[in-house]
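Remarks on the structure that follows.
Protein chains: 2
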Amino acid sequence: MDINNTLNEVLVKLFRDINTLEERAIRTEEYQDVTANDMHVMEAIGPEGTKNMTRVARELEVTTGTLTISVNSLVKKGYVDRSRSEEDRRVVLVSLSGKGKKAYLHHQKFHQDMIEAVLKELTGEEQRVLEQALRKLTCFFRAQS
Amino acid sequence: MDINNTLNEVLVKLFRDINTLEERAIRTEEYQDVTANDMHVMEAIGPEGTKNMTRVARELEVTTGTLTISVNSLVKKGYVDRSRSEEDRRVVLVSLSGKGKKAYLHHQKFHQDMIEAVLKELTGEEQRVLEQALRKLTCFFRAQS
DNA sequence: GCAAAAAGGTTTGACATTCAAAATATCTTC
DNA sequence: GAAGATATTTTGAATGTCAAACCTTTTTGC
Numbered sequence: 001m002d003i004n005n006t007l008n009e010v011l012v013k014l015f016r017d018i019n020t021l022e023e024r025a026i027r028t029e030e031y032q033d034v035t036a037n038d039m040h041v042m043e044a045i046g047p048e049g050t051k052n053m054t055r056v057a058r059e060l061e062v063t064t065g066t067l068t069i070s071v072n073s074l075v076k077k078g079y080v081d082r083s084r085s086e087e088d089r090r091v092v093l094v095s096l097s098g099k100g101k102k103a104y105l106h107h108q109k110f111h112q113d114m115i116e117a118v119l120k121e122l123t124g125e126e127q128r129v130l131e132q133a134l135r136k137l138t139c140f141f142r143a144q145s
Numbered sequence: 001m002d003i004n005n006t007l008n009e010v011l012v013k014l015f016r017d018i019n020t021l022e023e024r025a026i027r028t029e030e031y032q033d034v035t036a037n038d039m040h041v042m043e044a045i046g047p048e049g050t051k052n053m054t055r056v057a058r059e060l061e062v063t064t065g066t067l068t069i070s071v072n073s074l075v076k077k078g079y080v081d082r083s084r085s086e087e088d089r090r091v092v093l094v095s096l097s098g099k100g101k102k103a104y105l106h107h108q109k110f111h112q113d114m115i116e117a118v119l120k121e122l123t124g125e126e127q128r129v130l131e132q133a134l135r136k137l138t139c140f141f142r143a144q145s
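Each protein sequence line maps, in turn, to chains A and L. Sequential numbering from 1 applies to the first sequence in the working numbering. Sequential numbering from 1 applies to the second sequence in the working numbering.
Next comes the structure, spelled out in structure tokens:
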């Protein structure tokens, strides 16, 4: 059987399974009200300091209108703080609240645990080749854009 | 050490944006009206023969109600044919139209190009190692879900 | 046989996410 | 200080999703 076909099938399935797993990991007992989208927004805002709406929207590649709606919900749920800049009253600054930082770190830990678990399954040689392949994959998608 | 970072980056960025990236590749001049969701539905229906709604919905892991809406749109756009089974009048059979098959093959080519980009710089031995590694990971993630 | 239960799909109502374009408020420039 | 630029929110429309109610048709149990 052709390695091309095998890889195609495996990659498609793997991506789907990992996404499913990640979605499931985000909604834990403690963070039932956090959607995958919420987590992505929190990741873009980042755990340190503040960012304005335009910058976060650019990082997420969504319009600021879309981000406004996401942030509305995150503020209401208490994960994000929103305030107006004093220097430029047009600018809105967002940052993670204490609760938001905790949720963010919780998710980071999930990523780390998952990576550790995955690497334990593989030999050193397999790890090396996998890394090379994933780098190539990232390049491929970057080149498309 | 670096495998860790690569995996994390892939996990965070590539997997998150995979839908957007694929959609960008799907929407060409010829197939402007095909969304990423449309393509996933067409993949689940498959290029050969017919399947009933329940089976396709199960493969996509969505409700049949959701699939009905997706298929409505695909039928209207001319990518999918829908008919009632003669043996069991409850059953609705869906299949790709000529246009649907063409779009499907176009997307398969995108996948092929992706695989080629990844494999290009690996030796035959490395390709075997990669395949082995991905198989292990598929098993691993399957077991988690 | 026939009534009740099961099965396959569709419809409905609700919500989340998204964008483009209009609206609002605040700078900046000339 | 008026005109234009910038940052954000609001509005209106589309897509994608589910659960639950609702048809049709088939199967089951008596």
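Virtual Cβ for every residue (Gly too), placed ideally from N, Cα, C. A quick note: this is a predicted structure, and the numbers were derived from the prediction, not measured.
- Under the criterion of beta carbons closer than 8 Å, Lys-101/A and Pro-47/A qualify as touching, at roughly 5 Å.
- For Lys-136/A, the neighbours in chain L by C-beta distance under 8 Å run, in chain order, Ala-117, Val-118, Lys-120 and Glu-121.
- Annotation for Tyr-79/L: Val-34, Asp-38, Met-42, Leu-96, Ser-97, Lys-99, Gly-100 and Ala-103 place their beta carbon closer than 8 Å to its own, counting only its chain and skipping 5 residues before and after.
- In this model, Val-10/L and Ile-3/A are separated by some 22 Å (Cα to Cα).
- Interface residue (Cβ-Cβ distance to chain L less than 8 Å): Glu-131/A is classified as such.
- Residues of the stretch 10-23 of chain A with a C-beta atom less than 9 Å from some C-beta of chain L are Val-10, Leu-11, Val-12, Lys-13, Leu-14, Phe-15, Arg-16, Asp-17, Ile-18, Asn-19, Thr-20, Leu-21 and Glu-22, listed in chain order.
- Restricted to the stretch 33-84 of chain L, the alpha helix (DSSP H) segments that are unbroken, complete and at least 4 residues in length are 36-45, 53-60 and 64-77, listed in chain order.
- Interface annotation, Ile-3/L: in contact with chain A, CB-CB separation under 8 Å.
- Here DSSP, grouped into helix, strand and coil, assigns Leu-122/A to coil.
- Per DSSP, Leu-11/L lies in no beta strand (DSSP E) and is assigned neither H nor E.
- Using a Cβ-Cβ cut-off of 8 Å, Glu-87/A does not count as an interface residue toward chain L, since no Cβ of chain L sits closer than that to its own.
- Using a Cβ distance threshold of 8 Å, Met-53/L and Phe-140/A do not count as a contacting pair.
- Taking the Cα positions, Glu-30/L is about 14 Å away from Glu-23/L.
- By the Cβ neighbour-count rule, Glu-126/A is buried, with 16 or more other Cβ atoms within 10 Å of its own.
- Per DSSP, Thr-20/L is one residue of the alpha helix (DSSP H) stretching across 15-26.
- For Val-94/L, the three-state secondary structure derived from DSSP is strand.
- Val-62/L is positioned such that its CB atom lies no closer than 8 Å to that of Ile-45/L.
- Residue environment for Ile-69/A: exposed (fewer than 16 other C-beta atoms within 10 angstroms of its C-beta).
- If you check each beta-carbon in the stretch 40-72 of chain A against every beta-carbon of chain L, the ones closer than 9 Å belong to His-40, Glu-43 and Glu-61.
- Distance from Arg-84/L to Val-75/L at the Cβ level is roughly 13 Å; contact not present, criterion being Cβ atoms closer than 8 Å.
- The C-beta of Thr-123/L has fewer than 16 other C-beta atoms within 10 Å across all chains shown, which makes the residue exposed.
- For Tyr-31/L, the secondary structure class from DSSP, reduced to helix, strand or coil, is coil.
- The Cβ of Asn-37/L sits no closer than 8 Å to any Cβ of chain A.
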